[in-house]
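To keep things clear, I will list the structure first and then write my remarks on it.
In full-length UniProt numbering, the protein residues as written are 1 to 156.
Written out as structure tokens, the structure reads:
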């Protein structure tokens, strides 16, 4: 699949970039739904005008639905996300980074959340969401988890 991705990138780089942009919009809507345009544009660091044209296209394709409460992913949109996730994981190089960390530190499982957690609240939110999902999968039903957050001299 990686060879196919590289060939596509050489032949039609703007198409892959456009697909990745729309895929990112879909996944961000999925993680934050229902979400309004303004909030989504802040999450994605994209102007509302550009975002509107992209979300209009996604709506026409029946991948999202727009409600008064915000945008939501349709079942078809969720299916497309799961079909393309592996493809764009390679595109974003997340797999290479996680494999390198696993090998270097002899860790069984590594999850990479792309972005800058120091400057993006949505990246921190995604870190928390993924951590919660991982804990949900390994903890017993009656387990109790406590989280302590303390800021000391600018450090957490």
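All C-beta atoms, glycine included, are put in the ideal place defined by N, C-alpha and C.
Source: prediction; values computed, not measured.
As summarised for the stretch 16-104, the continuous beta strand (DSSP E) elements at least 3 residues long and confined to that stretch are 64-67, 70-73, given in chain order.
In this structure residue 145 is exposed. Its beta-carbon is surrounded by fewer than 16 other beta-carbon atoms within 10 angstroms. In this structure residue 26 touches residue 58 by the C-beta definition: roughly 7 angstroms separates them, less than 8 angstroms.
Look at residue 139 here: in three-state DSSP terms it is coil, with no helix or strand label. Between the C-alpha atoms of residue 96 and residue 123 there is a straight-line separation of about 19 angstroms. The alpha-carbon separation between residue 53 and residue 11 amounts to approximately 25 angstroms. The beta carbon of residue 101 lies closer than 7 angstroms to those of 107, 110 in the same chain, with the five residues before and after it left out. Minimum Cα-Cα distance from residue 33 among the listed residues 135, 76, 132, 65 corresponds to 65. The C-beta separation of residue 55 from residue 71 comes to about 6 angstroms, placing the pair in contact by the 8 angstroms criterion.
Exclusion of the five residues before and after residue 51 leaves 25, 37, 40, 41, 44 as the residues of its chain whose Cβ lies within less than 8 angstroms of its Cβ.
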